[in-house]
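Each number in our numbering comes from the position in the sequence shown (counting from 1) with 336 added on.
Ideal Cβ placement from N, Cα and C applies to all residues, glycine included.
Below is one structure; the comments refer to it alone.
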Amino acid sequence: MVDALGLGSILLWQWLTVLRGSLFSPSSGTFFAEPRMAYAFFSLVLCGTFLALSRWGNRLSPRWWRVAPWVAAGLMSLAWLPQGAGLRRIPEAGVFLALGLPAVGSAIQLTLWEWRLAFAPFSGQASVFGVACAVRTGGVLLVSLLFPPLLPFLARALPFLGALLWAPPHRDLPAAFGPPGKRVFPLRPALRAASFFLLSALFLSLLLGRETPGTGLAKVFCDPLYTLGALGVGAALRFVPGLELRRIHLGAEAFLVLGFLAFAALGEKHPLVPLALLQTGAGIFGAYVFTLILYLGGRAGHAGALSVVAAGQLVVTGSVTAGLLLTDAVGSLAQREGVPFVLAVSLLGVGLLFFSNLLLRDDRDTFAGCDLYDGEGETGLPDPLREEGTPPRTPTEEGRGGPSAWEEDRLHLQLLQEALSRQEVRVALLVARGHSNEDIARQLNITGNTLRTHMKNIHRKLGSANRQELQSRLLHRTP
Numbered sequence: 337m338v339d340a341l342g343l344g345s346i347l348l349w350q351w352l353t354v355l356r357g358s359l360f361s362p363s364s365g366t367f368f369a370e371p372r373m374a375y376a377f378f379s380l381v382l383c384g385t386f387l388a389l390s391r392w393g394n395r396l397s398p399r400w401w402r403v404a405p406w407v408a409a410g411l412m413s414l415a416w417l418p419q420g421a422g423l424r425r426i427p428e429a430g431v432f433l434a435l436g437l438p439a440v441g442s443a444i445q446l447t448l449w450e451w452r453l454a455f456a457p458f459s460g461q462a463s464v465f466g467v468a469c470a471v472r473t474g475g476v477l478l479v480s481l482l483f484p485p486l487l488p489f490l491a492r493a494l495p496f497l498g499a500l501l502w503a504p505p506h507r508d509l510p511a512a513f514g515p516p517g518k519r520v521f522p523l524r525p526a527l528r529a530a531s532f533f534l535l536s537a538l539f540l541s542l543l544l545g546r547e548t549p550g551t552g553l554a555k556v557f558c559d560p561l562y563t564l565g566a567l568g569v570g571a572a573l574r575f576v577p578g579l580e581l582r583r584i585h586l587g588a589e590a591f592l593v594l595g596f597l598a599f600a601a602l603g604e605k606h607p608l609v610p611l612a613l614l615q616t617g618a619g620i621f622g623a624y625v626f627t628l629i630l631y632l633g634g635r636a637g638h639a640g641a642l643s644v645v646a647a648g649q650l651v652v653t654g655s656v657t658a659g660l661l662l663t664d665a666v667g668s669l670a671q672r673e674g675v676p677f678v679l680a681v682s683l684l685g686v687g688l689l690f691f692s693n694l695l696l697r698d699d700r701d702t703f704a705g706c707d708l709y710d711g712e713g714e715t716g717l718p719d720p721l722r723e724e725g726t727p728p729r730t731p732t733e734e735g736r737g738g739p740s741a742w743e744e745d746r747l748h749l750q751l752l753q754e755a756l757s758r759q760e761v762r763v764a765l766l767v768a769r770g771h772s773n774e775d776i777a778r779q780l781n782i783t784g785n786t787l788r789t790h791m792k793n794i795h796r797k798l799g800s801a802n803r804q805e806l807q808s809r810l811l812h813r814t815p
């Protein structure tokens, strides 16, 4: 709950400041002609900060990161200083002080919170994101509908609440794909996330960009629908047996496709139905990408996690910003061409989603291309469980009665001949070592549902009926 409240405080601050606060009000007299351009500037500063953190964040001293949340909170508070309105009327300095520096602070705090959550229990990461979105939605509705005078006070307090609740990661995992810096963020999931968020941002801007009788109501439901999708993913990963995280993006893409089709059928005069489908799908995909970023961060180990989560946020923020900027480019076409343009955009969006899913899908042995380990065992075979550079373990280090390192290499070869996938081999070796399901899920950073799926496949391929029989067969395979 503390993690969800801390993350939610940052999301709520960004929402209040960027989308609903006086900073981007059309009547605020800012340097930018339109609120959308101010938001684009804010997002570009976010992207620059995420890029810097992905490149150099791991080189900073751990002692510095203990004060970083408070420094970031101070920067974020500049957006809501009493003299902020006057600063924003100064063309260059005002934009930098009241817009650029708060963006830098919010990027730092968000990266720090994701760095911490990368080492939280994997099964609860999507739930934390869903509850954090619910905190944001509840705060927005509470301030907007019941207590509008609380907006400046709440916006000033939220960054310091996030800094107060933050603590460094308390659990570490072995690096799963080589030394830090070898790979920052995999290309395949980056392209998948970029294509989805770019299309959804473009679609959302087309739906809400023109004033129609249903636009006002659609804007009210925009964030609650996103939260509904995110909460649904968290609940599904906890309570639906056999659900795999890497399949969730298919459901999000299905919602987006249905939204495009509804948009093509109803047009922009009835935006509520397409918006409901779009935002629910965006919430599902947002929870998927958030958990994916944390997964990759955790697999990078403590030394590389901060770079990975910063690079993931760079992909998300950059693709959303690109979609919003593309809307300005096609806005005149939409007004001039009318219905044919709406149909063309809808069909183009469906086609792009189809091809991106076809080209960027995972095979059955990988998740986001990062289930491969680079360390090698004593026989030159890949050791799926040993961190590179560590000495060979003894049979009693991680479970009683397990095979020795030499026997495990032979067992590894035999399991590969049984057509087990790489991840299934890792699970089988941990079963042979005597680990519980909870230990296996924690070490491989997978959900309980995914582990149960792997166990079913292992039982089927090896002909075992239960866990005890499976462990006995695995041990008897080694001489």
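When M412, Q750, Q350 are compared, the shortest CA-CA separation from F496 is found for M412.
Assigned with DSSP and collapsed to three states, G640 falls in helix. Straight-line spacing of the CA atoms in C469 and A801 works out to 42 Å. Distance from the CA of R809 to the CA of K792, rounded to the nearest whole angstrom, comes to 15 Å.
In the structure shown, F626 adopts helical secondary structure according to DSSP, grouped into three states. Taking the C-beta atoms as reference points, A646 is found nearer than 8 Å to S390. Following the DSSP letters along the chain, one finds L581 in no alpha helix (DSSP H), marked with neither H nor E.
Taking a 10 Å sphere around the C-beta of G687, we find fewer than 16 other C-beta atoms and assign the residue as exposed. Each residue's CA atom was taken as its position, placing H771 and L806 some 13 Å apart. Put simply, of L811, T353, L535 the residue whose alpha carbon is nearest the alpha carbon of A588 is L535. Annotation for A537: V656, G659, L660 place their beta carbon closer than 7 Å to its own, counting only its chain and skipping 5 residues before and after.
The beta-carbon separation of A612 and L561, rounded to 6 Å, stays under the 8 Å limit for a contact.
Your pair V381 and G441 does not check out as a contact, with CB atoms roughly 10 Å apart and the cut at 8 Å.
A493 and A618 have their C-alpha atoms spaced approximately 29 Å apart.
Annotation: the continuous alpha helix (DSSP H) that includes N785 extends over 784-798.
Counting along the chain, A777 sits inside the alpha helix (DSSP H) bounded by residues 773-780. Per DSSP, reduced to three states, the secondary structure at S541 is helical.
Residue A572 holds the alpha-carbon nearest to the alpha-carbon of I620 among V576, Q649, A572, V651.
Taking C-beta atoms under 8 Å as the contact rule, I776 and V761 fail to qualify, at a distance of about 12 Å. For G595 against P610, the beta-carbon gap comes to about 5 Å, under 8 Å, which counts as contact.
With respect to V644, F521 sits close: the two C-beta atoms are nearer than 8 Å. When P438, S480, Y624 are compared, the shortest CA-CA separation from W416 is found for P438.
With fewer than 16 other Cβ atoms from the protein chains shown falling within 10 Å of its own Cβ, W392 counts as exposed.
Each of P505, S397, A601, G474 was checked against the Cα of L348, and the nearest Cα belongs to G474. Rounded to whole angstroms, the gap between the alpha carbons of R778 and L630 is 14 Å. Burial state of R635 is buried, judged by a 10 Å Cβ sphere holding 16 or more other Cβ atoms.
Just measuring C-alpha positions, the residue of S541, T563, L453, L798 sitting nearest L343 is L453.
Between the beta-carbon of W401 and that of P504 there is about 7 Å, and that keeps the pair under the 8 Å contact cut. Comparing C-alpha distances from H812 to each of G654, V407, L765 shows the shortest one belongs to L765.
G342: member of the alpha helix (DSSP H) spanning 338-350, first to last residue. Proximity to R769 across L602, P488, L747 peaks at L747, based on C-alpha coordinates. Taking C-beta atoms under 8 Å as the contact rule, I444 and T385 qualify, at a distance of about 7 Å. Note that the C-beta distance between L689 and L542 is not below 8 Å. A409 and R574 have their alpha carbons spaced roughly 33 Å apart.
Excluding the 5 residues flanking it on each side, L446 has same chain C-beta neighbours closer than 7 Å at I346, Q649, in chain order.
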